[in-house]
Amino acid sequence: MTDSEPTAVTLDRVAEIFQAEKLEYIPEEEGLLRTGFPNAAVSLVIEGDYLLFDAAWRGTPPSGDAPIILGAVNEWNLTQMMPSLSFSEITEGSLNLRAHRGLYIGHGATRNQIGAFVMSAIENTRSCFHWLETQFPQYVTWEEAE
């Protein structure tokens, strides 16, 4: 992997960024790279010409709070550049909030581009989820490690 010459992006190259930053991760057989934090489950996958970052917030608001959650999601997406925040009903009666980012890799990417994408996706998602926790403390059922 070079710092300045774009080459094909693979999950092995993404894993090298995690190793360099001393972040724990699990490569999955399905072509996923998983990691997480106390408030988030994170996955990265290559689909077509895109490296996709997806994170699920561990809070699970009830479906009846969808109008309030919609307002918060809209506020985030209108005032922040990244990540994109969305929600849906995954199981009956509870909502799932997710943060998304994508990097076009159709022409390859340098080590620096992959690293900047991965690290900014993690940092901005952690900021997003912290913001959700301040908006909805009643849904926080975990503790952050010091």
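For what it's worth, this note's numbering labels the leading residue of the sequence shown as -19, then goes sequentially.
Using N, Cα and C, we set each Cβ at its ideal position, and we do this for glycine too.
Since the model is a prediction, treat every value here as computed from it, not as a measurement.
Check	Outcome
Buried or exposed by the 16-neighbour rule on C-beta atoms within 10 Å, applied to LEU13	buried
Where ILE(-3) falls, given that 16 or more other Cβ within 10 Å makes a residue buried	buried
Neighbourhood of PHE97 by C-beta, 6 Å cutoff - its chain only, sequence neighbours within 5 removed	LEU83
Whether GLU124 touches PRO41 by CB criterion (8 Å)	no
Alpha-carbon spacing of GLU126 relative to GLY16, whole angstroms	Because GLU126 sits at a pLDDT of 48, beneath the cut-off of 50, its placement in the model cannot be relied upon, and the following sentence gives the value as read from the coordinates. Distance between the alpha carbons of GLU126 and GLY16 is about 16 Å.
Beta-carbon spacing of ARG38, ALA20 below 8 Å	yes
Beta-carbon proximity list for PRO(-14), same chain, < 7 Å, skipping 5 on both sides	HIS87, GLY88, ALA89, THR90
DSSP-derived helix/strand/coil call for ILE(-13)	The sequence shown places Thr at residue -13, rather than the Ile named in the question. Residue state, collapsed to three classes: strand.
Same chain, Cβ closer than 6 Å to ALA79, five either side skipped, listed in chain order	ALA35, PRO63, LEU65, THR105, CYS108
Closest residue to SER128 among ASN92, GLN115, SER74 (Cα-Cα distance)	What is shown of the chain runs -19 to 126, which leaves residue 128 out entirely.
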